[in-house]
Amino acid sequence: MFDRILVPTDGSPGSERAFEVAATLASTHDAAVHVLSVVDEHGPTDDDWDYDGGTPAEAFIESQADHVDTEGLSVTPAVREGVVHDAVLDYTDENDIDLIVMGTHGRTGVRRFLLGSVTEKVVRLADVPVLSVKADAEPGTVSFDDILLPTDGSSGAEAAIEPAGALASATDATVNLVSVVDTRSLGIDVGSTVIVDELESVATDAVGDASDRLSGLGVETVETAITHGVPYRAILDAIEDTDADLVVIGTHGRTGVDRYLLGSVAEKLVRTSPVPVMTVRAPDAGGES
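Written as C-alpha cells, this is what we have:
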C-alpha cells in the first residue's frame, strides 16, 4: 500500500524526525522515499542557494546520513517553487505518492504549525494519508508496535482501517480499536440512559466491524474498547492506556473541506498527540471540492 513516501522538508527538527519515520516505513514496505524542498515563490531563488552546488533537498538528505539508515533505500531529492502546501500536493499527485510524512511543532505552541499552516493544510487537503510527527519526538529508531485506531463507524473512520491494517500486518503490531461515546450534551434522566445505550450499541458495532476487517487484512492481534467522554480527550487517554506508538484516524472527504475534521478531533490530535498521528481522508462524497 505504501510504495512511494514523500517527506517535505525545510531542514527543521520536525523534518528530521519525519525523515527518520519515513526511512523506517520505507524499509518495512520496500518503498521509495522522495524528499521535497519547496522554495516559497516570495522567498529566495535558485541564485540565492549555497549548498556546494546541490539543492536544499540534496543537502538535507546528506545531513541525515550519519544518523538515519538509508542503505538499500531509494531516496530521491526534489525542489519546487511556489506556495508550499500547493507544491506538496501537486508533487504528490504528479508522482503517485502513497503517504506524506511531515513534521509539526512540539507541545510548546501547539496552536501553531510547521511552516506556518502547511502541515494543517496538507492534512486537510491531501488525497493520501498524512503522517504528522512532532519536532520534539525522540530521535533514533522508530517502531510502531501498538497502533491506536479510533472509530465511530462513519465513512471517515472506515477509511483509516486499511492503512492501519497495512502497517500492523507488516510488523505484527497490535491494533487497539477504541470508540468514544460522546455524552457531553446528555443530562442524567431516563431518556438520556436510553440514548446512551443506543450510542454504546453503535460503538460496539463499529469496533466489531473494524475488528473483522482488520483480521481480514492479516492483523493477528486486535484489542477493543468503548469509552465515554470528550472524543479527542478520550483518545489522548487511550494513547497512554494502550502505550500506543501511533494513532491512525479517518477524516471527512472534500465536502466542507475548510471545516475542521471529524468535528476537530483529528485536527486536535495532530496538534496535541504525544505520538505520531496518521490522518486518512475518506473518498470524496460528491460535495464541492
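Just so you know, we're using this note's numbering here: the sequence shown kicks off at 99 and counts up by one. Positions of the beta carbon are idealized from the N, C-alpha and C atoms, including for glycine.
Secondary structure of VAL228 (DSSP, three-state): strand. Counting only runs of at least 4 residues, the region 315-355 fully encloses the following alpha helix (DSSP H) elements, listed from N- to C-terminal order: 329-340. In this structure, DSSP gives ILE195 a state outside helix and strand, which the three-state scheme calls coil. In this structure, the alpha-carbon of PHE242 lies about 9 Å from that of ASP270. Cβ contact annotation for VAL368 (same chain, cutoff 8 Å, sequence separation greater than five): THR202, THR217, GLU218, VAL221, SER230, VAL375, THR377, in chain order. When rounded, the separation of the alpha-carbon atoms in SER362 and TYR330 is 8 Å. Separation of LEU344 and ASP138 (C-alpha to C-alpha, rounded to the nearest whole angstrom) is 31 Å. Exposure of ASP128 is indicated by the presence of fewer than 16 other C-beta atoms within 10 angstroms of its C-beta.
A Cβ-Cβ contact shorter than 8 Å links LEU247 with VAL273. Secondary structure at ASP303: helix, using DSSP grouped into helix, strand and coil. Restricting attention to beta strand (DSSP E) runs no shorter than 3 residues, the region 250-295 encloses them at 272-279, ordered along the chain.
Contact between the region 253-270 and the region 307-325 is present: 3 or more CB-CB pairs across the two stretches fall below 8 Å. In summary, ALA163 is exposed, with fewer than 16 beta-carbon neighbours lying within 10 Å of its beta-carbon over all protein chains present. About 4 Å separates the Cβ atoms of SER135 and ALA155, confirming a contact at the 8 Å cut-off.
By alpha-carbon distance to THR153, the top candidate from GLU179, ASP196, ALA130 is GLU179. Annotation for SER172: no alpha helix (DSSP H) segment contains it, and DSSP assigns it neither H nor E. DSSP places SER135 within a strand segment (E or B) once states are collapsed to three. Rounded to the nearest whole angstrom, the C-alpha separation of ALA124 and ALA301 is 34 Å. DSSP places GLY112 in the helix class (H, G or I) of the three-state scheme. The Cβ atoms of VAL186 and PRO106 lie closer than 8 Å to each other. Taking the CA atoms as reference points, GLY348 sits about 24 Å from GLU192.
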